[in-house]
Amino acid sequence: MLTAPTLAQIESIVHDRIRAVLAERVSEVGRLSGTERLSATLGLSSLDLAFVVAELEAELGVDPFAKLVSITSVRSVADLVRAYQQALFPELQRGGEDHTIATAVKRAQTRRARRKRR
Amino acid sequence: MPQARKVALVSGGSRGLGAELVSGFLDRQYGVATLSLTKTAFITNMLRARKGRHFHWSQVDGRDHEALRAFVKEAGERLGRIDVLVNNAGIAMEGVLPTMRTRDIVEAVEVNLTAALVLAQACSRLMLRQGSGCIVNVSSVHAIRGHAGVAVYSATKAALDGLTRSLARELGPRQIRVNSVAPGYFDSEMVSDMAEEQKQRIARRTPLGRLARIDEVANAIHFLTSDQASFITGHTLVVDGGITC
Chain A
1 MLTAPTLAQI
11 ESIVHDRIRA
21 VLAERVSEVG
31 RLSGTERLSA
41 TLGLSSLDLA
51 FVVAELEAEL
61 GVDPFAKLVS
71 ITSVRSVADL
81 VRAYQQALFP
91 ELQRGGEDHT
101 IATAVKRAQT
111 RRARRKRR
Chain B
1001 MPQARKVALV
1011 SGGSRGLGAE
1021 LVSGFLDRQY
1031 GVATLSLTKT
1041 AFITNMLRAR
1051 KGRHFHWSQV
1061 DGRDHEALRA
1071 FVKEAGERLG
1081 RIDVLVNNAG
1091 IAMEGVLPTM
1101 RTRDIVEAVE
1111 VNLTAALVLA
1121 QACSRLMLRQ
1131 GSGCIVNVSS
1141 VHAIRGHAGV
1151 AVYSATKAAL
1161 DGLTRSLARE
1171 LGPRQIRVNS
1181 VAPGYFDSEM
1191 VSDMAEEQKQ
1201 RIARRTPLGR
1211 LARIDEVANA
1221 IHFLTSDQAS
1231 FITGHTLVVD
1241 GGITC
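Protein chains in written order, with our numbering: chain A, 1 to 118; chain B, 1001 to 1245.
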């Protein structure tokens, strides 16, 4: 990907990769909501997840699990999406539990705009 | 730049068994990527003869994990894919454990084991995406039989055999095979310091009555990476002239 993806694009890419793995087993794969458990709900094995991570590294150019996040903390589709969003938007990692994605994105955009003005 | 030619990555390809494997894979029409700590005459000649065609070399210290990962990435991009990884790089570490320096122990583990793990991790990611691949770890008969004076070396090589079995189970469902080759003593720089009398003693204890030739060890590795071994995974193939039987 030549330009940095947006948060929504990251979510869409991660969902697509998971759906591609599921499509190897079932003929019809529905939309993902994000709340699905990777193992318990979707039946993904550790190796399936490794495959998804390898594909995402090739597509997004980052591997959040090399240093940033432990793969064992990833339980749901949303956890996986969040790991990539945090890897590509480090601003999302700062702050406490009440630090929402929306405020982090706003802060990042302000910073970028400020940099542009310089 | 995707291409049909298979690609083998051989660690420690500048001399000895590694150089033999590099030549063997090139003869078998593979693209070859190899890394080593030093640029030997063999590497210089290969670079000159190949002019970069289907051959890639970089100077990499096996203890530098980031450099190892970068090498795999570079090799994958340059040659298009990685079908085979041979974890060949290793250092001999002799001496009884009670008097061995800690830094020598750590170095042996880093070069013989950790580097192999890092390379296997990086290459297996490419192999997962390709849906196929083959990894061969170069172990040793010291992983199978105990010998005084090589405890650390034995530990690293036995660990490679453990890695082989578990990784074969992990990656098998994605058609990636993982095996070990455990050579006995063979003519190489690693035995060049050995006294002639010691070599003769080993030969006498070997049912086939001699040390292995380097190509005999390389052939076992080529077999395991070939389609002829398509249903073999998680195996340690002992190539020792019968010394451990």
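Positions of the beta carbon are idealized from the N, C-alpha and C atoms, including for glycine.
Every value quoted in this text rests on a predicted model; they were computed, and no experiment measured them.
Closest to R1078 (chain B) by C-alpha separation, out of B:T1164, B:D1187, B:V1032, would be which residue? For R1078 (chain B), the nearest C-alpha among the options comes from B:V1032.
Going by beta-carbon coordinates alone, are N1087 (chain B) and N1045 (chain B) separated by less than 7 Å? no
Quick check on the burial criterion: 16 or more other C-beta atoms within 10 angstroms. Buried or exposed for G96 (chain A)? Because the pLDDT of G96 (chain A) is 45, which lies under 50, any placement of that residue in the model is unreliable, and the question is left without a value.
Could you pull out every residue in the same chain whose Cβ sits closer than 8 Å to the Cβ of T35 (chain A), ignoring the five residues on either side in sequence? S76, V77, A78.
Would you report the Cα separation of Q1200 (chain B) and R1210 (chain B), rounded to the nearest angstrom? 8 Å
Length of the line joining the Cα atoms of F1186 (chain B) and A1218 (chain B): 11 Å
Is L1211 (chain B) helix, strand or coil by DSSP? Reduced to three states, the DSSP call for L1211 (chain B) is coil.
Could you list which residues in chain A have their beta carbon closer than 7 Å to that of L1128 (chain B), in chain order? A50, F51, A54
Just to make sure I have the definition right: I need the residues of chain B whose C-beta is within less than 8 Å of the C-beta of E57 (chain A). Which are they? R1125
Exposed or buried, A1143 (chain B), counting other C-beta atoms within 10 Å across all chains shown (16 or more means buried)? buried
Kindly indicate the opening and closing residues of the beta strand (DSSP E) around S1036 (chain B). 1031-1036
Distance between T1233 (chain B) and L1224 (chain B) (C-alpha atoms, nearest Å): 9 Å
When you compare each of B:M1093, B:S1166, B:D1027 to D1193 (chain B) by their alpha carbons, which one comes out closest? B:M1093
Quick check: what's the CA-CA separation for R82 (chain A) versus E55 (chain A)? Between R82 (chain A) and E55 (chain A), the C-alpha separation is close to 16 Å.
Would you verify that the beta carbon of L38 (chain A) is, or is not, closer than 7 Å to some beta carbon of chain B? no
Measure how close the beta-carbons of V1238 (chain B) and A1159 (chain B) come, nearest whole angstrom, since I'm counting them as under 8 Å. Wrong, their Cβ atoms sit about 17 Å apart, outside the cutoff.
Report the neighbours of R1246 (chain B) on chain A: residues whose CB is nearer than 9 Å to its CB, in chain order. Residue 1246 (chain B) lies beyond the range of chain B shown here (1001 to 1245); nothing can be said about it.
What distance in whole Å lies between the Cβ atoms of S1058 (chain B) and L1026 (chain B), which are believed to be in contact at a cut-off of 8 Å? Wrong, their Cβ atoms sit about 17 Å apart, outside the cutoff.
Which residue wins for smallest C-alpha separation from A1122 (chain B), given the options B:G1076, B:A1108, B:Y1153, B:V1150? B:G1076
Using the Cα positions of R111 (chain A) and F65 (chain A), report the straight-line distance between them to the nearest angstrom. If you draw a straight line from the Cα of R111 (chain A) to the Cα of F65 (chain A), it comes to about 26 Å.
Please name the residue, chosen from B:V1007, B:E1110, B:A1229, that lies closest to S1023 (chain B) on a Cα-to-Cα basis. B:V1007
How would you call V1096 (chain B), buried or exposed, if buried means at least 16 neighbouring beta carbons within 10 angstroms? exposed
Could you work out which residues of chain A lie near R1174 (chain B), taking near to mean beta carbons separated by less than 8 Å? L47, F51
Compare the Cα-Cα distances from G1062 (chain B) to each of B:G1013, B:I1082, B:V1141 and report the closest residue. B:G1013
Helix, strand or coil: how does DSSP classify V1136 (chain B) here? The three-state secondary structure of V1136 (chain B), taken from DSSP, is strand.
So, with DSSP's three-state summary, where would you put N1088 (chain B)? coil
Less than 7 Å separating the beta-carbons of S1011 (chain B) and A1120 (chain B)? no
What number of angstroms, rounded off, separates the C-alpha of A50 (chain A) from the C-alpha of G1149 (chain B)? 40 Å
Element boundaries [alpha helix (DSSP H), containing V1118 (chain B)]: 1115-1130
Grab the span of the alpha helix (DSSP H) containing H1065 (chain B) for me, first residue to last. Per DSSP, H1065 (chain B) belongs to the alpha helix (DSSP H) from 1065-1079.
Pick from B:A1108, B:T1102, B:E1197 that is closest to I1091 (chain B), judged by C-alpha positions: B:A1108
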